[in-house]
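Every letter in the sequence shown is one number past the one before it in our numbering, and letter 59, counting from 1, is 1098. The structure under discussion appears below in the form of structure tokens.
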Amino acid sequence: MSTDPRYSPVLQDTVRHALAYLDALPRSSVSATATLEQLRERLGRPLPAGPSDATAVIDQLVRNVEGGLTGNAGGRFYAWVIGGSVPAALAADWMTSVWDQNAGMYAVAPAAAVVEEVCGRWLLELLGLPPSASFALVTGCQMAHVTCLAAARNGVLAKHGWDVEQRGLMGAPRIRVITGDQRHGTIERALRLLGLGRDCVIDIPVAANGQLTAAALAPVLAAAPSQPTIILLQAGDLNTGSFDPFPEVIPLAHQAGAWVHVDGAFGLWAATSPAHRHFCAGVELADSWATDGHKWLNVPYDCGYAFVTDRAAHYRSMGHHANYLTHSEAARDQVDWNPEYSRRARGFATYAAIASLGREGVARLVAGCCSHAHALVTRAGALPGVEVLHVPHINQGLLRFPDPAPGATEADHDKHTEALVAKIVASGEAMFACTTWQGKRCMRVSVCGWATSEADIAHAVQGIAKALRPSA
Ligand SMILES: Cc1ncc(COP(=O)(O)O)c(C=O)c1O
């Protein structure tokens, strides 16, 4: 045990706080209980004039954030696709801060660079993607989209003889981006950041099952056969978890010379579970993929992954050299593949998560969440006053609470659903959120925390039943 008085008291105190928080999680309110005013009052003190003891600072911070934390590290959080942290990843994340490596380059942080090399290889293998693809560990799926789409922008324009890194977009052949109309908002933001703008997007209405079909895509592709084109597909729609029909759509896109990018923020992880892998069939034919570690792999925030088959386009879009840097010939410099410069060594947590779970543990985690989501939706759906809109085939389901009043309209059902969800959230028993799907407000059920157990699901169903009782 360290005796360095600068570190020892505060770090030991922090371990105590961390364990107390984690021990209390199964019984704590999942939703925050403190109000905005309370949090501002507690935390918003004047700028401190002088130093304070580190342990006192941490004790005060822990006290002051109480009630202002959401319990997604525990097993009763189903509001959004937000995982917890498997213990090894959490510990590795602590060590990442202790080591405080700047993981931009091998020369600055050699172990971090090698760990990322290994993570890239492991992730490609786990997710069933081409082993030769390049990769980047980024802050989340949003930045994975930016990274992949920067490579796509480079690749499709290079085919038209345009070097976008040198010449920019002004005067460049216009890129069109074809996608289903249920795409995630981060896609559009990535396109805005890359200077492509919202107007480049052609939204195709998806089929009733949420899929972008080849029949719908073909005429759009044919309308401008020589235009540089990126096609965005989904592995896991945010509401229903639906997957686009990759084996039909990707070859069609490639025939038309398009780049295919896949948003697989969580759905790509279905490929790790033998029982769910078929949903991802053909996804490996795409040109780039974006996914998250902080969702289904359950590593701490923030962590996303970008993968690109055209390594040269990826390198051209991100590669960076400066004469004061020590570039490596033999090792992988992350700065050449990532949009950031100085960066957290987030590979350690990914490495530890995969090392602790192994291929089988990841598969069990993913399949377990799917079966919990199914149980939650079907059991809650069997309660009087609950309508099932989508039974999960992976980890996403949708429930609605119709207004029982005679003559209630769709708008009344929407309001009733929102009120019920607010009531469940306020109870602190389980956390859900509302979404709009096919024009209806409903309660989204997402299960992606490693800590969720059957007991948590039973607890959540009881919480829903309790909220449905008129007196509750
Ligand atoms: C389908 C999908 N794509 C992209 C994202 C964005 O991921 P991140 O928040 O990690 O940037 C999400 C996040 O919820 C998502 O569900």
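Glycine included, every Cβ here is placed at the ideal spot set by N, Cα and C.
field: residue 1484, DSSP secondary structure in three states
entry: strand
- prompt: Cα separation between residue 1130 and residue 1139?
  reply: Approximately 14 Å, taken between the alpha carbons.
- request: For residue 1369, count neighbouring C-beta atoms within 10 Å of its own C-beta (all shown protein chains included) and say buried if the count is 16 or more, exposed if not.
  value: exposed
task: Just the C-alpha distance for residue 1335 and residue 1121, rounded to the nearest angstrom, thanks.
output: 8 Å
query: Taking buried to mean at least 16 other C-beta atoms within 10 Å of its own C-beta, is residue 1311 buried or exposed?
result: By the 10 Å Cβ count, residue 1311 comes out buried.
message: Here's the rule: buried if 16 or more other CB atoms are within 10 angstroms of the residue's CB, otherwise exposed. What is residue 1041?
response: exposed
- prompt: What's the C-alpha gap between residue 1104 and residue 1490?
  reply: 22 Å
- prompt: Secondary structure at residue 1385, three-state DSSP: helix, strand or coil?
  reply: coil
query: Should residue 1230 be labelled buried (16 or more other beta-carbon atoms within 10 Å of its own) or exposed?
result: It is buried - the Cβ of residue 1230 has at least 16 other Cβ atoms within 10 Å.
Integer Cβ distance of residue 1333 from residue 1340, believed to fall under 8 Å: 5 Å
message: What does the alpha-carbon distance come out to for the pair residue 1219 and residue 1089?
response: 55 Å
field: Opening and closing residue of the alpha helix (DSSP H) in which residue 1158 lies
entry: Run containing residue 1158: 1149 to 1166, per the alpha helix (DSSP H) assignment.
query: Rounded to the nearest angstrom, how far is the Cβ of residue 1226 from that of residue 1270, given a contact under 8 Å?
result: Your pair residue 1226 and residue 1270 does not check out as a contact, with CB atoms roughly 11 Å apart and the cut at 8 Å.
message: ligand 1 and residue 1250: does any heavy atom of the ligand fall closer than 7 Å to the residue's C-beta?
response: no
- prompt: Would the beta-carbon of residue 1343 be found less than 7 Å away from any heavy atom of ligand 1?
  reply: When distances are taken from the beta-carbon of residue 1343 to the heavy atoms of ligand 1, the shortest one is below 7 Å.
Status (buried if at least 16 other CB within 10 Å, exposed otherwise) for residue 1192: buried
Contacting residues, own chain, Cβ-Cβ under 7 Å from residue 1167 (five flanking each side not counted): 1310, 1319 and 1323, listed in sequence order.
message: Just to confirm the assignment: which complete beta strand (DSSP E) runs, minimum length 3, are found wholly within the stretch 1183 to 1252?
response: Taking only runs of at least 3 residues, the beta strand (DSSP E) segments lying wholly in the stretch 1183 to 1252 are 1215 to 1219 and 1240 to 1243.
query: Under a three-way DSSP split, which group does residue 1317 fall into?
result: helix
field: Own chain residues within Cβ distance below 6 Å of residue 1208, not counting five before or after
entry: 1234
task: Rounded to whole angstroms, what's the CA-CA distance from residue 1080 to residue 1062? Just pull it up for me.
output: 27 Å
message: Suppose you measure from the CA of residue 1470 to the CA of residue 1185; what does that come to, to the nearest Å?
response: 30 Å
message: Going by C-alpha to C-alpha distance, which of 1401, 1046 and 1177 sits closest to residue 1337?
response: 1401
message: Would the stretch 1404 to 1413 count as touching the stretch 1251 to 1262 if we require 3 or more Cβ pairs under 8 Å?
response: no
- prompt: CB of residue 1120 to nearest heavy atom of ligand 1: below 7 Å?
  reply: yes
- request: For residue 1146, collect the residues of the same chain with a Cβ closer than 7 Å to its Cβ; drop the 5 residues on either side in sequence, then sort them by chain order.
  value: 1365 and 1367
- request: Report buried or exposed for residue 1279, applying the criterion of at least 16 other Cβ atoms within 10 angstroms of its Cβ.
  value: buried
Nearest candidate by alpha-carbon position, reference residue 1065, set 1493, 1507 and 1508: 1493
message: Just to confirm the assignment, what range does the alpha helix (DSSP H) spanning residue 1343 have?
response: Residue 1343 -> not in any alpha helix (DSSP H); beta strand (DSSP E) instead, spanning 1343 to 1347.
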